[in-house]
Amino acid sequence: MRTTQERIRKELVYLRVSGWIGKRAETRLAKLGTDALPFLEEATKSKRVELRYRALWAIGLIGTERAVPILAKLAFDQDDAVSYDAQVALSMMSSPRAVRFVYRALASQREEKPLGANLGCSGSYARIFLRRLLHSKDPALVRKAIYMAAQNRHARRLVKELVFSPDPAIRAIAEDALS
359 MRTTQERIRK ELVYLRVSGW IGKRAETRLA KLGTDALPFL EEATKSKRVE
409 LRYRALWAIG LIGTERAVPI LAKLAFDQDD AVSYDAQVAL SMMSSPRAVR
459 FVYRALASQR EEKPLGANLG CSGSYARIFL RRLLHSKDPA LVRKAIYMAA
509 QNRHARRLVK ELVFSPDPAI RAIAEDALS
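In structure tokens form, the structure reads like this:
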């Protein structure tokens with residue numbers, strides 16, 4: 359019978375393969391839990407984008423507090439797909455600490471609309487986080503929060519309320535986000 363470290367090393371080899379083999383390795387590494395974290399963290403330092411991408415998802419599936427700083431670094435990765443998926447993985451954790459890192463990553467984005475519903479899978483933390491963003495003094499952050507809230511089943515009600523906002527700019531953004 360193989361030791362846990364041997365199984366982790368075997369799956370790390372498969373993690374480098376594209377397609378379903380890499381995806382299966384990602385899932386198996388996540389099932390091995392926190393024992394795989396140091397190895398996955400090392401994989402996130404690779405120059406290969408796909409390897410970083412798969413490693414971050416395995417780390418996100420493990421979902422412990424020890425994974426938060428690793429994913430937080432990847433939220434600022436030079437590759438947009440890796441950065442975006444790290445934000446999604448952090449938001450899926452529904453940890454207040456993880457949501458703070460997502461907030462920082464979003465604040466640094468320059469797009470009018472965020473890359474997607476970064477908090478689309480989160481629960482009550484997403485609603486709390488988005489409500490905080492909606493009351494920000496930074497109009498760009500408010501705009502991002504409205505688009506994210508419209509895509510989040512827990513926070514969509516907040517956007518529906520903004521359709522009746524006295525501020526015409528907020529009202530227009532909320533209507534656009536809901537359409």
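Be aware that the sequence shown starts at 359, since it is given in our numbering, and climbs by one per residue. Ideal Cβ placement from N, Cα and C applies to all residues, glycine included. Please read these numbers as outputs of a predicted model, since none were measured by experiment.
Among the options, whose alpha-carbon lies nearest the alpha-carbon of residue i?
i, options, result
"G421", "K431, L409, M450 and K403", "M450"
"A379", "R424, G418, L409 and A456", "The amino acid occupying residue 379 in the given sequence is Ile; Ala does not appear at that position. For the residues R424, G418, L409 and A456, the minimum Cα distance to I379 belongs to L409."
"I366", "D393, K381, V375 and S376", "D393"
"P454", "E423, Y442 and D435", "E423"
Could you name the residues of the same chain whose beta carbon sits closer than 6 Å to that of residue i, not counting the 5 residues immediately before and after it, in chain order?
i, result
"A430", "F459"
"C479", "Low confidence applies here, because C479 scores a pLDDT of 44, under 50, leaving its location unreliable; read the following figure in that light. Excluding residues within five positions, the ones whose Cβ falls inside 6 Å are M450."
"L448", "L429, A456, F459 and V460"
"E399", "I428"
Excluding the 5 residues flanking residue i on each side, which residues of the same chain have their C-beta closer than 8 Å to its C-beta?
i, result
"I504", "L492, V517, L520, I528, I531, A532 and A535"
Using the C-alpha atoms, what's the distance from residue j back to residue i?
i, j, result
"D438", "T362", "33 Å"
"A384", "A513", "The amino acid occupying residue 384 in the given sequence is Glu; Ala does not appear at that position. Answer to the nearest angstrom: the Cα atoms are 30 Å apart."
"E369", "V375", "10 Å"
"K471", "K502", "Because the pLDDT of K471 is 40, which lies under 50, any placement of that residue in the model is unreliable, and the question is left without a value."
"F522", "V500", "16 Å"
"A463", "A444", "10 Å"
"R386", "A416", "8 Å"
"R360", "S404", "26 Å"
"V446", "V426", "12 Å"
"Q436", "D525", "36 Å"
"E364", "G377", "23 Å"
"L373", "F434", "22 Å"
"A498", "F397", "38 Å"
Beta-carbon separation of residue i and residue j under 8 Å?
i, j, result
"L414", "T402", "yes"
"V407", "V371", "no"
"A388", "L419", "yes"
Does the Cβ of residue i lie closer than 7 Å to at least one heavy atom of the ligand SAM?
i, result
"R462", "With respect to the ligand SAM, the structure shown offers nothing to examine, as it has no ligands at all."
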